[in-house]
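Notes follow the structure.
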Ligand code: SF4
Ligand code: FES
């Protein structure tokens, strides 16, 4: 099996791909293969990881042209094309090197973010958008002695969005993020919607207004890649659609 890895450092004229031959073992993940690459081929390979358990969100990268978590993607699942995902295509995944999935694993940095080195991207834009939506609860009443109780149904609805681990896989998979550098992106909008539906939030309607701008809710074209690649099954496209319906209703009732 071959691991084909994108290599780049600042000042390089153009990126190159290194090829490393390895023997996959049962349960081996792409992250394990990258460690082997470092140990046996070139220890200067740069990539991010921390928890190794699909929790910290740092190891998202383009694996066989799909944004995925390296720590959660098993090599055998790629060979057997298990959980096959067909994305709505966009230049960042169409224009890379060819791939033979039976014999190769292609690993590249997450699209739509500048590459710092090899598989490490600068996530500043992603987190700037996240901060733009002010991702903190602004409750309507003073803090109670114990806790604020919520209806189980409301908790269930919220959980879909609070499961986000900020891996930016959706950001890398979204064709709109590639073409419109101002677009807030799926994760930030899903987070904003999460505060709109939170019954403890003080000014829920103003949450909707925060992204009632050309590069907010209205920039999405519902290509659906965000939901397909999300390792936590967060549905940003659903949040965006529901927010638009609410905004349209509010505008009509004015
Ligand atoms: S919505 Fe999903 S894909 Fe996007 S940042 Fe959150 S966990 Fe990652
Ligand atoms: S290393 Fe934390 S999500 Fe992969």
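In the working numbering, the protein residues as written are 12 to 265. All C-beta atoms in this analysis are idealised placements derived from N, C-alpha and C, irrespective of residue type, glycine included.
Buried or exposed for residue i, please, with buried defined as at least 16 other CB atoms from any protein chain shown within 10 angstroms of its CB.
i	result
residue 210	exposed
residue 100	exposed
residue 51	exposed
residue 79	buried
residue 200	buried
residue 188	buried
residue 68	buried
residue 72	buried
residue 144	buried
residue 70	buried
residue 134	buried
residue 42	buried
residue 242	buried
residue 54	exposed
residue 62	exposed
residue 140	buried
residue 233	exposed
residue 183	buried
residue 154	exposed
residue 287	Residue 287 lies beyond the stretch modelled for the chain, which goes from 12 to 265, so this question has no answer here.
Are the Cβ atoms of residue i and residue j separated by less than 9 Å?
i	j	result
residue 122	residue 129	no
residue 75	residue 117	yes
residue 197	residue 178	no
residue 45	residue 103	no
residue 47	residue 14	yes
residue 92	residue 112	yes
residue 226	residue 202	no
residue 253	residue 204	yes
residue 150	residue 212	yes
Secondary structure at residue i, three-state DSSP: helix, strand or coil?
i	result
residue 238	helix
residue 163	helix
residue 144	coil
residue 105	helix
residue 131	strand
residue 124	coil
residue 150	strand
residue 259	helix
residue 156	coil
residue 168	helix
residue 34	coil
residue 212	strand
residue 249	helix
residue 92	coil
residue 222	coil
residue 206	helix
residue 97	coil
residue 176	coil
residue 191	coil
residue 63	coil
residue 181	helix
residue 45	helix
residue 112	coil
From the DSSP output, which residues share a beta bridge with residue i?
i	result
residue 2	Within the shown structure, residues of the chain are numbered from 12 to 265, placing residue 2 beyond reach of any answer.
residue 27	18
residue 80	71
residue 85	40
Does residue i have its Cβ less than 9 Å from a Cβ in chain D?
i	result
residue 231	Chain labels in this structure do not include chain D; a single protein chain is all it has.
Which residues neighbour the ligand FES when neighbourhood means a C-beta less than 7 Å away from any of its non-hydrogen atoms? List them by chain order. The set, ordered by position in the chain, is 42, 60, 61, 62, 63, 64, 65, 66, 67, 68, 69, 70, 80, 81, 82, 83, 176, 178.
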